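Sequences listed follow chains Y and G, in order. Going by my numbering, the first sequence opens with residue 1, and the numbers climb by one from there. Going by my numbering, the second sequence opens with residue 1, and the numbers climb by one from there. Heads up, the thing below is written out as structure tokens.
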Amino acid sequence: MKKYDSLELDFHDIELAFPLSRRAFMRLMGGGLFIFFCLGNPLAAQQQPRQRRLRQNLPSDFNAFLRIGEDGRVSCFTGKIEMGQGIITSLAQILADELEVPLDSVDMVMGDTALCPWDMGTFGSMSTRFFGPPLRAAAAEARAVLIELAAEYLQTSSSQLTVEAGVIFHTSQSKKRVTYAQLTKGKRIARRLTRKAVLEKASEFTIVGVPVTRRDAEEKITGKAKFAGDIREPDMMYARIVRPPAHDAKLIRVDTSAVKKIKGAWLIEDDDLVAVLHEDPELAEEALRQIKAQWMKPLATVDETTIFDHLVKVAPEGQVVSQRGNLAEGKRISKSVVEHTYFDGYVAHAPIETHTALAKVKGDKATIWASTQTPFRLQEEAAATLGFPVEHVRVITPFVGGGFGGKTRNQQAVEAARLAKLSGKPVQVAWTRAEEFFYDTFRPAAIVKIKAGFNGSGLITLWDYGVYYAGERGASHFYNIPHHRTMAYGDGWRGTPGSHPFKTGAWRAPGNNTNTFARESHIDILAAQAGIDSLEFRLKNLKDKKMIRVLKAAARKFGWRSSKAPSGRGWGIATGIDAGTYVAHMAEVEVDKNTGNVHVKRVVCAQDMGLCINPEGAAIQIEGCITMGLGYTLSEEIHFKGGEIFDLNFDTYEIPKFSWLPKIETVIIDDKKAPPQGGGEPPIICTGGVVANAIYDAIGVRIFQLPMNPERIKQALS
Amino acid sequence: MIKTIHFMLNGQPKRLVIDRERMLLWVLRTDFGLTGAKYGCGEGLCGACSVLINNEAVRSCQLPVEEVNGKEIVTIEGLARKGRLHPLQKAFVKHDALQCGFCTPGMVLTAYSLLIKNPRPTLEQITDAMDENLCRCGSHQRIIRAIQEAIGDMKGGEML
């Protein structure tokens, strides 16, 4: 096993005076070759317009991508964070490959706003897609500079030189050689990434595409890995905050007189924020219990059963996502038209690490260590709250204990910053599990209405699709349908005023889980009514070659045999596109008709994600997605009344366990000529649909609402 | 009432004065700076805070520290000996049996506890023993593979 001695420094606690000027940054880092990039250049160009807009008022003094140090080690600076998805490994692979250095000479510096280039956040399966190309270009630029330096040093022309493992040598005179370290020694060279670098060809990749072990594994299995809650500062205090019993409840009266019974407890009251601080976390909790608060809860109007009618009622006018042909004509030429409505409840992110942060305020500067997917957004939020200039706030992101979209919101870190400023002490805010559930930005409840028809040859002729509150992601179908229209109502996972009784947000592959469940269920219903095997029906109605290829790859691995559903075998198919990646799933389930229990025995996933940087990492993401997906498919659902949340721990909110585990098999179609696509989200989108279709194949009963828990199965059977 | 308790922590004798009920998890994380045991749910439902007490995996968020008086505690920080990883740790690395790594210390120690009691568990027994340890990233399949590999390593007598 390889040792990465310097990796422990990745989330370095280097004390530094910030904001850093470019010169100070280079001094701090020691000598070497630095590649900087400017705003408006490749990274920004990769981003979508809406995200680009968020970049106003950003500090633009400098942004370094990478540094090749005097010791030959390479540091990669990225605003992305590591939350388990593995980019600490795959981004290092890209860099090592392009620079032609051994993987273990690359150090990743991640999510530190004082050192890393601005980044909008780690979400949307975008790290490899959008950060990868400019990173690769920066590495190519660095290599070109090094070759120029080497040509001078060796007194030869650059065209005579080649690189291997950080050593540049003359192609015909192998004694003429120089290392990167020798070239950068005693120098401080800064280059701006301006030109579009000539990149390595896929056939020349030596590290990309080869499975490698996670680089953070050793720290994580020895307990050395630091998460936000593991950071210690002298004199730090642990905070506990008075919380409302329901969202939008108003604080009527608060009696804090008993807090003084707890020795060493500090009471902080500032507008809406009532908190206690203590140097012992248990005594902070004890002090919180001394506070008696009276609240007025708003009238609760919706719960988990009435929410769907409510949402359809308050939905604003729809937006056309895609359309073709004429729906009336589609209906006319259809032999049979089928109409159904699909429902999906609120789901929590539930990472095992709750939202946690430690904040320290000294004078007019703040340092915040936070479990966050959006360190730069947090930097702005904290600065606004504290009344500091943005560059006076430094956010450091240690390892993040799972995010799944939930840690794009940073309430806990803003609370810590406020309390640190008010108390003058470093303050840790680590949410309890109940706070984590209460303040989670749930995946929204959503509704999908589909009316579709097919003709006598089993071809889909009509597709009239409306999604409410899940959003556009994954809403458009990819089948070959002459007359179709896809409408989206409500503003995706953000909701509209008066829609959701609490905050909702992006949950791993936002919207696509709901859309794919509905679409793929409906496709199966059409197949069954047409009396055609589910795979055959899909292939018949597809023209998209990539989709046909993944479906066939999945079928081969699964050993799919043609049959009309319900066949009693408990086999299902679902397929979809997310973050540029194509996925096709096949599953086998067993349903206990007495208990309503569904056991997913086997899942095959075929995935086409273009160039696959780390096949092992991609397989891990597929396994993780399928396992996590079983939760929203079979058990996960938030129960609530108005703004009051009833599921506040893992006793009632059941997430997938070892005993649920299906046999998972993955097929990765590595298309070396295509750019890399997303990997952390796409394979979760099919779980609901593939299991729903397999349940129908097993027992001939169709479930239209997620999760498909035992109660719903039994109800459907009766 | 002030009490003094004694226990072994990762092979070192320790003494602790307590004047109230305290849970082991917070004693480890604050007094001893051992942050490998994690807070995940605070109710013993997730297993992220698991540590070994006399070789048995115990949820430290639910264990009053006075109950460890006279006992031996091993946390994830104490599993590797003299810089050498335990075979279970090696197997977790080899099989990529982790993603975010937050549940990992609890997983490794729960598996260790199982293998002490039952050196050759079946798949069903592994699943049973690990079932109440939660992982949100979905590393389950690889965790099982890692445990199975560590069982193999026991044959060399290196394991425990």
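Glycine is no exception: its CB is placed at the ideal position from the N, C-alpha and C atoms. If you're wondering where the values come from, they're calculated on a predicted model, not measured in any experiment.
Check the Cβ-Cβ distances between I18(G) and every residue of chain Y, and say whether any is below 8 angstroms. Locating residue 18(G) in the second sequence gives position 18, counting from the first residue. No, its Cβ sits nowhere closer than 8 angstroms to a Cβ of chain Y.
Would you say F123(Y) faces chain G, with C-beta separation under 8 angstroms as the test? What you label residue 123(Y) is simply residue 123 of the first sequence in a count that begins at 1. No, because no Cβ of chain G sits closer than 8 angstroms to the Cβ of F123(Y).
Please list, in chain order, the chain Y residues whose beta carbon lies closer than 7 angstroms to that of V58(G). Within the second sequence, the letter at position 58 stands for residue 58(G). Correct list: empty, because the minimum Cβ distance to chain Y is about 16 angstroms.
Start and end residues, beta strand (DSSP E) containing K250(Y): Here residue 250(Y) refers to the residue found at position 250 of the first sequence. 250-255 is the extent of the beta strand (DSSP E) around K250(Y).
Helix, strand or coil: how does DSSP classify A350(Y) here? For the purposes of this step, residue 350(Y) is taken as residue 350 along the first sequence, with counting starting at 1. Three-state result, A350(Y): coil.
Through-space distance from F478(Y) to D544(Y), alpha-carbon basis: As a first step, residue 544(Y) must be located in the first sequence, where it is residue number 544. As a first step, residue 478(Y) must be located in the first sequence, where it is residue number 478. Distance between the alpha carbons of D544(Y) and F478(Y): 7 angstroms.
For I548(Y) and A606(Y), which I take to be in contact (beta-carbon distance under 8 angstroms), what is that distance rounded to the nearest angstrom? Taking the first residue of the first sequence as position 1, residue 548(Y) is located at position 548. Taking the first residue of the first sequence as position 1, residue 606(Y) is located at position 606. Incorrect: roughly 11 angstroms between the Cβ atoms, too far for contact.
Report yes if the C-beta distance between M628(Y) and P656(Y) is below 8 angstroms; otherwise report no. By one-based count along the first sequence, residue 628(Y) stands at place 628. By one-based count along the first sequence, residue 656(Y) stands at place 656. Yes, the Cβ-Cβ distance between M628(Y) and P656(Y) is below 8 angstroms.
Per the DSSP calculation, T122(Y) is bridged to which residue(s)? The count along the first sequence starts at 1 and reaches residue 122(Y) at position 122. BP columns for T122(Y) are empty, so no partner.
Report yes or no: is there a C-beta of chain Y within less than 8 angstroms of the C-beta of Y39(G)? Within the second sequence, the letter at position 39 stands for residue 39(G). Yes, Y39(G) counts as interfacial toward chain Y.
Element boundaries [alpha helix (DSSP H), containing G576(Y)]: Start at 1 with the first residue of the first sequence, and residue 576(Y) comes out as number 576. Per DSSP, G576(Y) belongs to no alpha helix (DSSP H); it is in the beta strand (DSSP E), 571-578.
How should H722(Y) be labelled, buried or exposed, when 16 other C-beta atoms within 10 angstroms of its C-beta is the threshold for buried? Here chain Y covers residues 1 to 718 and nothing more, so residue 722(Y) does not appear.
Partner residues on chain Y for L134(G), Cβ-Cβ distance less than 8 angstroms: Counting from 1 along the second sequence, the entry for residue 134(G) is found at position 134. The answer, in chain order, is I352, F650, I655, K657.
Based on Cα-Cα distance, which residue from F438(Y), D104(Y), S90(Y) lies nearest to R73(Y)? Translated into positions along the first sequence, residue 73(Y) becomes position 73. Of the candidates F438(Y), D104(Y), S90(Y), the one whose C-alpha sits nearest the C-alpha of R73(Y) is D104(Y).
Straight-line CA distance for Y346(Y) to A618(Y)? On the first sequence, position 346 is the one that residue 346(Y) refers to. On the first sequence, position 618 is the one that residue 618(Y) refers to. If I take the Cα positions, the gap works out to 28 angstroms.
Which chain G residues are close to R232(Y), counting only those with a beta carbon under 7 angstroms from its beta carbon? Locating residue 232(Y) in the first sequence gives position 232, where the first residue counts as 1. Under the 7 angstroms cutoff, chain G gives G33.
Counting contacts by CB-CB distance shorter than 8 angstroms, is V68(G) in contact with chain Y? Locating residue 68(G) in the second sequence gives position 68, where the first residue counts as 1. Closer than 8 angstroms: no.
Is there a Cβ from chain G that is less than 8 angstroms from the Cβ of A225(Y)? Position 225 of the first sequence, counted from the start, is the residue given in the question as residue 225(Y). Judged by the 8 angstroms Cβ criterion, A225(Y) is in contact with chain G.
Residue burial classification, E472(Y) (beta-carbon count within 10 angstroms, cutoff 16): Working through the first sequence from its first residue, we reach residue 472(Y) at position 472. When all chains shown are included, E472(Y) counts as buried.
So, under 8 angstroms CB-CB, G318(Y) and Y489(Y) are touching, yes? Tell me the CB distance rounded to an integer number of Å. Locating residue 318(Y) in the first sequence gives position 318, counting from the first residue. Locating residue 489(Y) in the first sequence gives position 489, counting from the first residue. That pair is a contact at about 4 angstroms.
Do you know how far the Cα of E711(Y) is from the Cα of F502(Y)? Numbered from 1 along the first sequence, position 502 holds the residue referred to as residue 502(Y). Numbered from 1 along the first sequence, position 711 holds the residue referred to as residue 711(Y). Distance between the alpha carbons of F502(Y) and E711(Y): 26 angstroms.
Less than 8 angstroms between the CB atoms is what I'm expecting for K724(Y) and T372(Y), so what's the real figure, rounded? Nothing about residue 724(Y) can be reported from this structure: the residues present for chain Y run from 1 to 718 only.
Cβ closer than 7 angstroms: which chain G residues qualify as neighbours of L661(Y)? Taking the first sequence and counting its residues from 1, one reaches residue 661(Y) at position 661. What L661(Y) touches in chain G: H140, Q141.
Under a three-way DSSP split, which group does L66(Y) fall into? In the first sequence, residue 66(Y) corresponds to position 66, counting from 1. Looking at L66(Y) - three-state DSSP - the assignment turns out to be strand.
Buried versus exposed call for L526(Y) [16 or more other C-beta atoms within 10 Å across all chains shown]: Walking along the first sequence from the start, residue 526(Y) turns up at place 526. Buried is the call here.
Along the beta strand (DSSP E) that carries P13(G), what are the first and last residues, could you check? Locating residue 13(G) in the second sequence gives position 13, counting from the first residue. From DSSP, the beta strand (DSSP E) with P13(G) extends over 12-18.
Would you identify the three-state DSSP class for P501(Y), choosing helix, strand or coil? By one-based count along the first sequence, residue 501(Y) stands at place 501. Residue state, collapsed to three classes: coil.
Under DSSP, the alpha helix (DSSP H) around C625(Y) begins and ends at which residues? As a working mapping, residue 625(Y) is identified with position 625 in the first sequence. Element bounds for C625(Y): 615-634.
Tell me the rounded alpha-carbon separation between K220(Y) and R142(G). Locating residue 220(Y) in the first sequence gives position 220, counting from the first residue. Locating residue 142(G) in the second sequence gives position 142, counting from the first residue. Near 15 angstroms, if we compare the C-alpha coordinates of R142(G) and K220(Y).
The alpha helix (DSSP H) that contains Y153(Y), what's its start and end? What you label residue 153(Y) is simply residue 153 of the first sequence in a count that begins at 1. Counting along the chain, the alpha helix (DSSP H) containing Y153(Y) begins and ends at 132-154.
Give a yes or no on whether the minimum CB-CB distance between R120(G) and chain Y is below 8 angstroms. Looking up residue 120(G) in the second sequence gives position 120. With 8 angstroms as the cut-off, R120(G) does not count as an interface residue toward chain Y.
I need the DSSP call for L706(Y), collapsed to helix, strand or coil. Here residue 706(Y) refers to the residue found at position 706 of the first sequence. L706(Y): strand per DSSP, three-state reduction.
Residues of chain Y with CB under 7 angstroms from M181(G), in chain order? Nothing about residue 181(G) can be reported from this structure: the residues present for chain G run from 1 to 160 only.
What separation, rounded to the nearest whole angstrom, lies between the Cα atoms of A565(Y) and P316(Y)? The residue given as residue 565(Y) occupies position 565 in the first sequence. The residue given as residue 316(Y) occupies position 316 in the first sequence. Cα-Cα distance, rounded: 38 angstroms.
Can you tell me whether Y465(Y) is helix, strand or coil according to DSSP? Stepping through the first sequence from its first residue, residue 465(Y) is reached at position 465. Y465(Y): strand per DSSP, three-state reduction.
For T222(Y), go through chain G and note every residue whose CB falls closer than 8 angstroms to its CB, in chain order. By one-based count along the first sequence, residue 222(Y) stands at place 222. The contacting residues are G36, I76, E77, L79, A80, L85, Q89.
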